[in-house]
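**Student:** Numbering (full-length UniProt numbering), first residue to last: 1 to 252.
Before I ask anything, let me first share the structure, which is written out below as C-alpha cells.
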C-alpha cells in the first residue's frame, strides 16, 4: 500500500491549505447560522454560494450522482444525509460535511453542531467525539503507523462509553477526494502503512451514544444508527511534515 500513497510536495500541500482555509471559514459562518428554525437545505444553499464567492466549488456535488454541496446528518444519522427543507428543532444535533475544490486541490472537513440547547448526553457526545479526533491527530507523526491513530481513537471512545462506527473511515486526499491510505478509527496499534512526510489524509471519527452498528437507508446514501442512538462526527484534513501534522482545515 505504501507504493500507492501519493506523497505531496510542499507546493501541493500549500494549495490544499488554501482550499482548507476557505472550508474552515465556511464552517465558522455555518456555526453562526445554526439555530432552531433553519433548514439544512438553506445551509446547503449558503455553502454553495459561499464557495462560489471564494472561487471554489463543492467537490462532492455530482460525485457518484450526489446532488448537493454538503452532507447534512441529523441526530441518529451517522453520515451522508441529504440536505432537506425540514426545519431543525431545539435539541437537535447536525453534522455538516463538505469537500472544497480550489483550483484542483481539495480539503475535507465535517463538524457537528448543537441546535439551540441540547441534552447533557448530546453535549457529552459532541465534546468527546471532537476530543477523539484530536487524540488521533496526536498520533499522526512520521514513523508511526496508521493503526496508531485508529487505536488512539477507539480506546478513548470506548473508555468513555461511546462506540466507533466501522464502515466509514478516513482516507488519503489531494487532487482526488479518496486516495490511499485508508484511515480506520478502530483497530490495533502498530498496524497499517507507516506515516511519512508529505502524506495528506483525513481523520474523521463517527461516534455513537449507543452501539456501533449502522444501516443504509433506501436513498442509497444516508446511514443511520441501528438502535436510534445519536451520532456525531468531526473531521480534519492533515498534512504530515517534519514538524508534525498540520491541520489544513483548522478553524482557528
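Using N, Cα and C, we set each Cβ at its ideal position, and we do this for glycine too.
(1) Just verifying my parser: in three-state terms, what is the DSSP assignment at residue 251?
(2) Would you mind sorting residue 64 into buried or exposed? The rule is 16 or more other CB atoms within 10 Å of its CB.
(3) Please name the residue or residues paired with residue 98 in a DSSP beta bridge.
(4) Our contact map puts residue 34 next to residue 115 with C-beta atoms below 8 Å; I'd like the distance itself, whole angstroms only.
(5) If I follow the unbroken alpha helix (DSSP H) through residue 202, where does it start and stop?
(6) Just the C-alpha distance for residue 128 and residue 88, rounded to the nearest angstrom, thanks.
(7) Can you tell me whether residue 2 is helix, strand or coil according to DSSP?
(8) DSSP three-state call for residue 224: helix, strand or coil?
(9) Could you compute how far the alpha carbon of residue 240 sits from the alpha carbon of residue 135?
(10) Would you call residue 5 buried or exposed, if buried means 16 or more other Cβ atoms sit within 10 Å of its Cβ?
**Tutor:** This is what the structure gives:
(1) coil
(2) exposed
(3) 109
(4) 6 Å
(5) Here residue 202 belongs to no alpha helix (DSSP H); instead the beta strand (DSSP E) covers 200-203.
(6) 23 Å
(7) Confidence is the limiting factor: at residue 2 the pLDDT is only 46, short of 50, which leaves the residue's position unreliable, though a coordinate-based value still follows. Helix, per DSSP.
(8) strand
(9) 16 Å
(10) buried
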